Structure formats: C-alpha cells, structure tokens
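In what follows, a structure is listed as structure tokens, so that the remarks can point back to it.
Number of protein chains: 2
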Amino acid sequence: MTTSPNPSPDLIRQATITRQSAKKLARTSNQERQQSLLAMAAALEQSMEGIIKGNEIDLKQAENQTLQSSLIARLKLDREKMINAIEGIRQVAALPDPLNHRQLHIELDEDLILERLSTPLGVVGVIFEARPDAVMQIASLAIRSGNGAILKGGREATISNQVILKVLHQGLTYSCTDVSTLHLLTTREESLALLNLESLVDLIIPRGSNQLVRFIKSNTKIPVLGHADGICHLYIDQEANIDQAITIALDSKTQHPSACNAIETLLIHEKIGHVLLPKLIPVFESYNVELRGDPTSCTLGIIKQANENDWSTEYSDLILSVKIVPNINEALAHINKYGSRHTDAIVTDNLTTANLFLDSVDSAGVYLNCSTRFADGFRYGFGAEVGISTQTLPPRGPVGLEGLVTYRYVLRGKGHISSDYISGVRQFTHRSLAV
Amino acid sequence: MTTSPNPSPDLIRQATITRQSAKKLARTSNQERQQSLLAMAAALEQSMEGIIKGNEIDLKQAENQTLQSSLIARLKLDREKMINAIEGIRQVAALPDPLNHRQLHIELDEDLILERLSTPLGVVGVIFEARPDAVMQIASLAIRSGNGAILKGGREATISNQVILKVLHQGLTYSCTDVSTLHLLTTREESLALLNLESLVDLIIPRGSNQLVRFIKSNTKIPVLGHADGICHLYIDQEANIDQAITIALDSKTQHPSACNAIETLLIHEKIGHVLLPKLIPVFESYNVELRGDPTSCTLGIIKQANENDWSTEYSDLILSVKIVPNINEALAHINKYGSRHTDAIVTDNLTTANLFLDSVDSAGVYLNCSTRFADGFRYGFGAEVGISTQTLPPRGPVGLEGLVTYRYVLRGKGHISSDYISGVRQFTHRSLAV
Numbered sequence: 001m002t003t004s005p006n007p008s009p010d011l012i013r014q015a016t017i018t019r020q021s022a023k024k025l026a027r028t029s030n031q032e033r034q035q036s037l038l039a040m041a042a043a044l045e046q047s048m049e050g051i052i053k054g055n056e057i058d059l060k061q062a063e064n065q066t067l068q069s070s071l072i073a074r075l076k077l078d079r080e081k082m083i084n085a086i087e088g089i090r091q092v093a094a095l096p097d098p099l100n101h102r103q104l105h106i107e108l109d110e111d112l113i114l115e116r117l118s119t120p121l122g123v124v125g126v127i128f129e130a131r132p133d134a135v136m137q138i139a140s141l142a143i144r145s146g147n148g149a150i151l152k153g154g155r156e157a158t159i160s161n162q163v164i165l166k167v168l169h170q171g172l173t174y175s176c177t178d179v180s181t182l183h184l185l186t187t188r189e190e191s192l193a194l195l196n197l198e199s200l201v202d203l204i205i206p207r208g209s210n211q212l213v214r215f216i217k218s219n220t221k222i223p224v225l226g227h228a229d230g231i232c233h234l235y236i237d238q239e240a241n242i243d244q245a246i247t248i249a250l251d252s253k254t255q256h257p258s259a260c261n262a263i264e265t266l267l268i269h270e271k272i273g274h275v276l277l278p279k280l281i282p283v284f285e286s287y288n289v290e291l292r293g294d295p296t297s298c299t300l301g302i303i304k305q306a307n308e309n310d311w312s313t314e315y316s317d318l319i320l321s322v323k324i325v326p327n328i329n330e331a332l333a334h335i336n337k338y339g340s341r342h343t344d345a346i347v348t349d350n351l352t353t354a355n356l357f358l359d360s361v362d363s364a365g366v367y368l369n370c371s372t373r374f375a376d377g378f379r380y381g382f383g384a385e386v387g388i389s390t391q392t393l394p395p396r397g398p399v400g401l402e403g404l405v406t407y408r409y410v411l412r413g414k415g416h417i418s419s420d421y422i423s424g425v426r427q428f429t430h431r432s433l434a435v
Numbered sequence: 001m002t003t004s005p006n007p008s009p010d011l012i013r014q015a016t017i018t019r020q021s022a023k024k025l026a027r028t029s030n031q032e033r034q035q036s037l038l039a040m041a042a043a044l045e046q047s048m049e050g051i052i053k054g055n056e057i058d059l060k061q062a063e064n065q066t067l068q069s070s071l072i073a074r075l076k077l078d079r080e081k082m083i084n085a086i087e088g089i090r091q092v093a094a095l096p097d098p099l100n101h102r103q104l105h106i107e108l109d110e111d112l113i114l115e116r117l118s119t120p121l122g123v124v125g126v127i128f129e130a131r132p133d134a135v136m137q138i139a140s141l142a143i144r145s146g147n148g149a150i151l152k153g154g155r156e157a158t159i160s161n162q163v164i165l166k167v168l169h170q171g172l173t174y175s176c177t178d179v180s181t182l183h184l185l186t187t188r189e190e191s192l193a194l195l196n197l198e199s200l201v202d203l204i205i206p207r208g209s210n211q212l213v214r215f216i217k218s219n220t221k222i223p224v225l226g227h228a229d230g231i232c233h234l235y236i237d238q239e240a241n242i243d244q245a246i247t248i249a250l251d252s253k254t255q256h257p258s259a260c261n262a263i264e265t266l267l268i269h270e271k272i273g274h275v276l277l278p279k280l281i282p283v284f285e286s287y288n289v290e291l292r293g294d295p296t297s298c299t300l301g302i303i304k305q306a307n308e309n310d311w312s313t314e315y316s317d318l319i320l321s322v323k324i325v326p327n328i329n330e331a332l333a334h335i336n337k338y339g340s341r342h343t344d345a346i347v348t349d350n351l352t353t354a355n356l357f358l359d360s361v362d363s364a365g366v367y368l369n370c371s372t373r374f375a376d377g378f379r380y381g382f383g384a385e386v387g388i389s390t391q392t393l394p395p396r397g398p399v400g401l402e403g404l405v406t407y408r409y410v411l412r413g414k415g416h417i418s419s420d421y422i423s424g425v426r427q428f429t430h431r432s433l434a435v
C-alpha cells in the first residue's frame with residue numbers, strides 16, 4: 001500500500017504515551033489549557049537567548065552546505081521572530097475554547113437526551129520543513145485544542161527544534177499538561193513510519209512544499225489536512241471596472257507571489273481585453289511580473305506565449321499566465337479543468353454574472369471584486385490557521401482551531417431500550433432543546 | 001498504490017457527464033429538488049409491478065445458485081418493501097433543505113463580507129450488496145442534497161437494479177434533474193475502477209459487509225463514509241440498577257444482533273458480578289444467547305470460556321463475550337484496546353462514574369443507562385441515514401444528509417486588496433453578522 005516503513009516498537013511506545021497524555025489533556029478545563037500555553041510562552045521568553053544560539057548552529061551548518069537563501073531566511077530565528085512567535089502563543093491562548101461546544105441538543109424521548117459535543121481529535125502528526133517557529137505555533141494550537149502532537153521538522157533545523165521543544169517541555173512542567181503531550185521525532189525513518197501509525201495518529205498536517213504534501217498524501221491512510229496545489233484564477237468580466245480589476249489582479253499576484261492563494265492565471269473576457277491589457281501590461285511590467293499569454297492576448301501586447309503546461313503550473317513566482325475567453329462559460333470551463341479548488345475570483349459589476357460565477361465555481365473560496373489573498377485563517381477572523389484544505393469534504397479552505405476538533409454523541413437515558421420504540425410502546429419526541 | 005484497475009475512457013466520460021449534471025442540480029432550488037424526488041416516487045408507484053417482476057428473475061437465479069437464505073431475503077422486493085421505499089423517498093423530500101445554509105457570516109471590513117454556505121459534495125460513489133431498495137434510498141438522498149450518484153449493486157440484484165434505475169430515470173424526465181445525475185455501473189471492473197476516479201468522485205459510500213467496507217477503504221484514496229467494525233461494549237458498574245442493567249444488556253444484544261450497534265462484549269464490575277450474573281445468565285439463555293466468559297465470570301456461572309480472539313470479534317449473532325473487571329479504569333482500558341470507536345455504554349447510578357466514562361471513552365457514541373441500539377440516524381432524529389462513521393474526523397457516528405454536503409466560502413468585496421491591511425491603511429473589523 002505505502003512505501004513507508006513499519007513503526008518501530010519504540011515509536012509505537014512513544015506515540016502511545018503521547019496519546020495517553022492527550023487523553024488526560026482532553027479532560028482538562030479551558031483555564032488549565034490556557035495556563036499551559038502561557039507557561040510555554042513564559043519559558044520561551046526566559047530561554048530566548050539559548051534558542052537563538054541553538055538556531056545559529058543550524059544556520060552555520062546551512063551556510064556551510066550552501067543551502068538556498070530563501071531556505072536560510074525561513075530557518076533563521078532572531079529576536080523579532082521569537083517575540084512574534086511568543087505573542088502568537090498568547091493569542092492562541094486567548095482564543096475561545098474549541099472544546100465542549102454543544103453543537104446539537106435533542107430530546108429523543110422523555111429523559112433520553114442526546115448531545116453532540118466538540119472534542120479533541122487525539123493526536124496530530126505534524127511534518128514541516130525549515131521554519132522552526134512552526135514548532136511553537138503547532139504546539140500551542142495542539143494543546144489549546146486538547147490534542148497531543150508528534151512533530152517532525154526538517155533536518156536543517158534539528159538543533160533549533162530540539163532546543164525549542166526542550167524549552168516548551170520546561171514550560172509545561174509548570175502546568176497540568178504532561179510534557180509527553182509534545183513529542184519530537186528526529187529521524188527520517190521515524191517520520192515515514194509516523195505515516196503508518198493509523199491507530200495512534202488521527203490527522204497529519206504537512207507544512208512545506210507542494211512536493212512534501214503530495215508525498216505525504218500518497219503515503220498514508222491517515223487523513224491529511226493540507227493542499228498540494230494552489231492554482232488560483234482571477235476572471236475579469238466584460239462589465240468589470242478596469243482600474244479595480246488591475247488593482248485586484250496586481251494584489252492577487254504580487255502581494256506575496258509564493259503564497260498558495262496568489263493567482264497563477266488571469267482570464268479576461270474578449271470584449272474588455274483590448275481596453276484592459278494595454279493598461280495592465282505596463283503596470284505588471286513595473287512590478288517585474290512576467291506575463292505569458294494565449295495567442296489572442298499576445299495580439300494585444302503580451303510578448304511571451306504561454307504553452308499548455310502554463311495553465312496547470314503553480315509558479316509561486318512573479319509569473320502570470322493570461323488567457324482571453326469569449327464568455328463566462330469558457331472561463332468556468334477553464335477553472336474547472338485547470339483549477340485546484342482553492343480560491344478563484346471574478347471582477348464584475350454585473351450581479352447576474354457575479355452570482356453565476358459564485359454558484360458555479362467548485363472551489364473552497366469563491367470571491368467577487370476582491371483579492372484572492374484574503375484566503376487565510378487570520379484574515380477570515382479565525383485567530384489561527386491550522387492549514388488550508390482543498391479537499392471537497394469539510395474542513396475546507398482556511399482551517400482554524402476547528403480543524404483540530406471532532407465531536408462525540410453523548411446519550412443519557414434512564415433505562416431506555418430500543419425495542420420499546422419498535423413495538424410502539426414508546427414514541428420518539430425528537431424535540432430540539434436549547435444549545 | 002491500489003489494486004484497482006484504471007478507469008476506462010467510457011467510465012471517465014460517463015462520470016464526467018454525471019458530474020456536469022450534478023453541477024447543474026446543485027444550482028436548482030429546494031422545490032425543484034423536492035419535486036424531482038416526488039417524480040421518482042410517482043414513477044416507482046406506477047411501475048411497481050414491473051420492478052417486482054424484474055426482481056423475481058433475480059430471485060429465481062439466486063435460488064438456482066442456492067445463495068444464502070439471508071441474502072435472498074435481502075434481495076427480495078415485494079409490494080410492502082416497495083411501498084416502504086417509496087414512502088422513504090417522500091420522507092427524504094420532506095426533510096429540510098441541506099443546501100445553502102449560511103454557517104458563518106462575518107464582516108471582514110466595511111463592504112467585505114464573508115459567508116460560509118453549505119453546498120453539495122459533487123458526485124458520490126455508492127457500492128452496495130444485495131438490497132435493491134438501496135438504489136431508491138441512495139438516489140433520493142443524493143438528489144435531495146444536490147449530488148450526482150454513481151451506483152454499483154451486487155451481481156445477484158443486476159436485473160432489479162437496472163429496472164429500478166430505468167424507472168427512476170423515467171421519473172426524472174418529469175423534473176428538472178438530468179437523468180444522467182444517476183448512473184448505474186454494471187461490471188465488477190467498473191466498480192473497481194470507480195475507486196480510482198479521485199478527480200470525479202468526492203465520496204464513496206459502501207453498503208454491505210465488513211469485508212466489503214474494509215476492501216474499499218484499502219483500495220481508494222477517495223474519502224469513504226462507513227465503518228468496517230462495530231465492536232460495541234456495555235459496562236455495568238458496581239452501582240448499577242441490576243434490573244435496568246439486564247434489560248439494557250438484553251436489548252443491546254438481542255434486538256437486532258447483526259446490526260453494527262449491537263454489543264459484542266459485556267464488562268461487569270467485580271463487586272456486582274456475583275449478584276448480576278446469576279440473574280442475567282438465565283435471561284440470556286432464554287433468548288438463545290451464547291455467553292463466553294473470562295475465567296472469573298466462568299466461576300460465576302458462565303459455561304463457555306472466551307479466548308483472546310473473542311474480545312475483538314464482531315459476532316453479528318446471538319453471542320456475547322463477558323468479562324469481570326476490578327474497576328472502571330480496567331473497563332476503559334479494555335474498550336480502548338478492543339473497541340472500534342463506534343458506540344459504548346455504561347449502566348450506573350453514580351454520576352461521577354458516569355461522567356468519567358462519558359468523558360474518557362473515545363467513541364462516536366458514549367451512552368449512559370440506555371441501549372447501544374439507539375446509535376442510528378433515524379433514532380437521532382436526522383430523518384435519514386447516509387451511514388455510520390467510526391473515523392475520528394467529522395462526520396462521525398450516524399450521519400444524515402449532512403454527510404452529503406460540504407461548504408464553500410463566498411467573499412464579496414468592492415475592490416478590496418490585501419496589501420491595504422498589511423500596510424495598515426485599513427484594519428479588519430471581523431464583526432459577526434446574523435446567520
């Protein structure tokens with residue numbers, strides 16, 4: 001089934017301990033979990049210098065190995081990043097408790113009361129590259145939501161991650177959360193074996209490149225929260241406000257080109273192309289964006305031709321493919337064919353066209369007259385982002401703490417048995433009660 | 001990755017048509033989808049005799065092949081079953097619309113409004129054994145929730161399923177739903193290939209034996225709604241009402257022994273075993289239940305000894321394993337080790353013990369002083385049951401129409417771009433609006 005190795009007895013033992021600690025954590029109060037996060041934040045503050053020194057060892061190693069400068073930038077933990085990460089933990093502590101929400105409350109019959117309550121998932125497995133700040137963020141999200149976490153960072157951040165986890169453990173000793181709730185894996189074999197720990201790990205969260213996510217999705221039966229691709233589109237309708245369209249296109253492409261919610265393809269209605277493109281091309285040139293056009297848009301000023309591969313490429317860079325379409329249906333068909341169901345937007349002043357687009361595009365986010373860059377848990381007001389999911393089933397789109405909880409049905413009776421309802425001695429009332 | 005064959009061009013073409021029809025259906029009104037169901041019900045009523053005749057051909061074939069009598073009973077479609085199935089479709093039509101619920105409504109900033117709306121999944125793949133009534137039920141659930149369905153029934157019901165689908169298609173011609181929204185596969189190769197149609201099928205629903213579900217789960221990357229095992233426990237605490245405990249145990253085991261929510265194991269606190277068992281044993285004997293006990297319960301009157309396999313066996317029959325435990329923690333440990341996270345119950349009059357159990361058991365359903373047989377979508381008041389899920393992530397437990405929908409984020413702006421919020425020119429308001 002998978003290429004992953006079988007988990008070693010030691011990994012199984014450790015994951016079992018993490019699971020038991022998580023079960024204990026699941027029964028703690030909101031205040032206790034909040035206090036655990038504050039204790040971690042305080043420990044990080046106290047040991048900030050030590051963490052930065054540990055990180056410097058990783059950085060030196062990375063420089064010696066002449067790793068990519070973008071990777072080194074992500075790896076680096078300076079005072080500012082540490083202060084932000086610690087502030088982030090305090091913000092997660094301040095979020096509303098995701099546990100023990102009563103989502104349903106139904107009287108099935110007199111004295112037979114059904115509740116649906118939010119509960120933690122159990123244990124999450126988190127596999128990430130570079131960024132050692134991810135350890136702090138994930139640890140706080142997991143504990144806030146009553147979950148254990150088994151973490152595996154990139155090799156280049158080994159020392160940083162180990163020092164951070166040691167400090168987080170130190171902090172947790174001043175809380176009611178067992179230190180074994182957070183466990184760090186150190187070898188690649190362990191992280192591969194983690195993907196086979198179906199009975200002990202409930203969710204895998206990959207943080208890293210599309211290649212990493214794709215590899216993980218192909219090698220585990222455990223549910224994966226994440227997305228391999230972010231091919232987002234912006235469609236500029238014939239009834240668009242031209243200045244607004246250019247501003248939105250520019251923001252969607254250039255504000256953070258390597259983000260998954262940046263656009264890769266611009267679709268333009270043929271009736272507006274000859275007015276829009278002569279204005280848009282110089283603006284995008286001034287932002288160093290390389291435009292790659294279909295034959296029609298190349299007749300309107302785009303120099304470089306797009307090929308078939310362009311429509312399904314996530315550039316993650318200052319490159320944008322452009323296509324002229326004869327009508328909205330062709331735009332919808334293009335998005336349906338090449339999109340990754342992440343986030344797609346339309347610019348139009350026509351309400352009917354807008355609604356047709358918003359109803360027809362089968363993506364996690366469908367936007368009207370705004371930038372695709374809003375597809376983000378913080379911008380949506382969730383206070384945290386566990387990941388962005390492009391799967392069809394919930395959770396979908398940007399996922400906050402909600403992605404780390406599930407629910408349980410609790411039914412309380414007074415000797416109720418099913419045969420009474422089958423024989424007709426008793427009848428269900430199915431009365432909704434206040435949640 | 002899987003043993004399933006690649007989908008044929010014909011299957012891909014057909015699934016694409018079903019997906020397109022489903023997209024069209026997704027945009028229809030509640031009334032239109034209700035009318036589609038009523039049109040199917042009317043067509044079935046009109047063609048009832050023809051369906052029963054078709055079913056008789058399958059039945060004769062099954063008798064010639066001397067198939068199991070329980071299978072023949074499930075295969076048989078008589079007038080009564082048809083009337084019930086048609087009534088079922090009308091009930092599904094009358095359920096509240098699962099689509100276009102506004103689950104979230106947030107003002108991100110002035111004129112930048114985020115909604116989360118429930119939407120159909122797209123296309124569901126349904127693989128079922130015997131029961132041709134499943135075609136009618138699944139068809140109605142799928143269309144009610146705006147989804148297409150690709151169905152594959154057991155070989156023994158080939159004619160029945162084909163006749164039913166033909167009649168459903170006839171009905172749909174009197175509605176706005178395309179007939180191609182419902183597609184029936186006829187060969188085993190096609191149903192195996194269906195499991196590889198990741199880009200066209202959003203959810204697989206298996207209806208049948210544990211073996212079928214296990215096979216499907218191991219051979220697809222498409223999410224599967226279902227459960228392979230239902231090993232449910234009842235724990236009788238030392239402070240249980242003895243008569244209530246026996247009544248609940250009896251109902252949980254015997255009311256429908258082959259159901260997944262029937263109990264397989266009874267755990268009894270050692271302090272109550274010597275009083276409970278001498279009363280329980282004759283009652284269970286009178287219901288022809290074979291008890292298999294651990295060594296201690298065998299000293300208290302149970303004749304047959306249980307072996308290690310018994311604790312992890314779903315008998316689906318009138319057999320019950322019994323174990324005496326020294327305390328609730330041992331009961332919890334047993335359930336944790338052998339359970340399938342389906343439904344587990346406790347009988348006790350002690351509230352602290354009850355809450356410890358309800359908080360600690362990590363199953364989709366945790367029950368106090370009532371039968372495990374209540375774990376059912378109809379009994380929960382959902383009006384329909386798509387399946388029962390034992391996975392950790394939602395949807396979990398009995399799943400109604402909710403299991404056939406997902407959601408989409410719709411964001412409407414007036415030229416809003418992300419860089420304004422990064423530069424600080426604008427601030428998010430994140431104001432909750434009425435849902």
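Just so you know, the sequences run in chain order A and B. UniProt numbering numbers the first residue of the first sequence as 1 and each following residue consecutively. UniProt numbering numbers the first residue of the second sequence as 1 and each following residue consecutively. Cβ atoms here follow ideal geometry from the backbone N, Cα and C, with glycine treated the same way. Keep in mind the model is a prediction, meaning the values are calculated, not measured.
Contact with chain A is found for residue 406 (chain B), since one of that chain's Cβ atoms lies less than 7 angstroms from the residue's Cβ.
Assigned with DSSP and collapsed to three states, residue 353 (chain B) falls in helix. Annotated as distal: residue 20 (chain B) and residue 183 (chain B), with beta-carbon spacing of 7 angstroms or more.
Interface annotation for the stretch 390-402 of chain B against chain A: 392, 393, 394, 396 and 397, criterion Cβ-Cβ distance under 7 angstroms. Pairing residue 150 (chain A) with residue 122 (chain A) gives a Cβ-Cβ distance that is not under 7 angstroms. Rounded to whole angstroms, the gap between the alpha carbons of residue 260 (chain B) and residue 313 (chain B) is 12 angstroms.
By a beta-carbon distance limit of 8 angstroms, residue 256 (chain A) contacts residue 373 (chain A). Their separation comes to about 7 angstroms.
Proximity of residue 339 (chain B) to chain A, defined by a Cβ-Cβ separation below 7 angstroms, is not satisfied.
Under the 10 Å beta carbon count, residue 111 (chain A) is surrounded by fewer than 16 other beta carbons and is classified as exposed.
Contact between residue 228 (chain A) and residue 210 (chain A) is confirmed by a C-beta separation of about 5 angstroms, below the 8 angstroms threshold. Contact of residue 415 (chain B) with chain A by beta-carbon distance below 8 angstroms involves 241, 244, 247, 248, 369 and 370.
Below 8 angstroms, enough C-beta pairs join the stretch 266-282 of chain A and the stretch 307-327 of chain A to call them touching: three or more. Chain-ordered, the chain B residues with CB closer than 7 angstroms to the CB of residue 364 (chain A) read 408 and 409. Following the DSSP letters along the chain, one finds residue 148 (chain B) inside the beta strand (DSSP E) bounded by residues 148-152. Not one beta carbon of chain A lies nearer than 7 angstroms to the beta carbon of residue 284 (chain B). Here residue 389 (chain B) is bridged, per DSSP, to B:397.
Note on residue 431 (chain A): under 16 other CB atoms within 10 angstroms of its CB, so exposed under the neighbour-count rule. Residue state for residue 341 (chain A) is assigned as coil, using DSSP reduced to three classes.
Between residue 127 (chain B) and residue 206 (chain B), the gap from beta carbon to beta carbon is short of 7 angstroms. Under the rule that a run must span 3 or more residues, the beta strand (DSSP E) segments found entirely inside the stretch 230-296 of chain B read 232-236, 263-269 and 290-293. Taken in chain order, the complete alpha helix (DSSP H) segments of 4 or more residues contained in the stretch 71-146 of chain B are 79-94 and 133-144. Beta-bridge annotation (DSSP): residue 406 (chain A) is paired with A:119. Annotation: the continuous alpha helix (DSSP H) that includes residue 9 (chain B) extends over 9-26.
Residues of chain A with a Cβ closer than 7 angstroms to the Cβ of residue 419 (chain B) are, in chain order, 251 and 255. Residue 163 (chain B) sits in a helix when the DSSP states are folded into three classes. Here DSSP, grouped into helix, strand and coil, assigns residue 171 (chain A) to helix.
Taking C-beta atoms as the reference points, residue 231 (chain A) and residue 245 (chain A) fail to come closer than 7 angstroms.
Counting along the chain, residue 184 (chain A) sits inside no alpha helix (DSSP H); it lies in the beta strand (DSSP E) bounded by residues 182-184. When the alpha-carbon of residue 79 (chain A) is set against those of A:48, A:69 and A:100, the nearest one is in A:48. Judged by pairs of C-beta atoms under 8 angstroms, the stretch 150-163 of chain B touches the stretch 184-200 of chain B, as three or more such pairs exist.
The straight-line gap separating the alpha-carbon atoms of residue 317 (chain A) and residue 70 (chain A) is approximately 13 angstroms. Residue 188 (chain B): member of the alpha helix (DSSP H) spanning 188-194, first to last residue. Flagged as an interface residue toward chain A: residue 430 (chain B), by a C-beta distance shorter than 7 angstroms.
Residue-level contact by beta carbon holds for residue 374 (chain A) and chain B, with a gap shorter than 7 angstroms. DSSP places residue 305 (chain B) within a strand segment (E or B) once states are collapsed to three.
Collapsing the DSSP output to three states places residue 430 (chain A) in coil.
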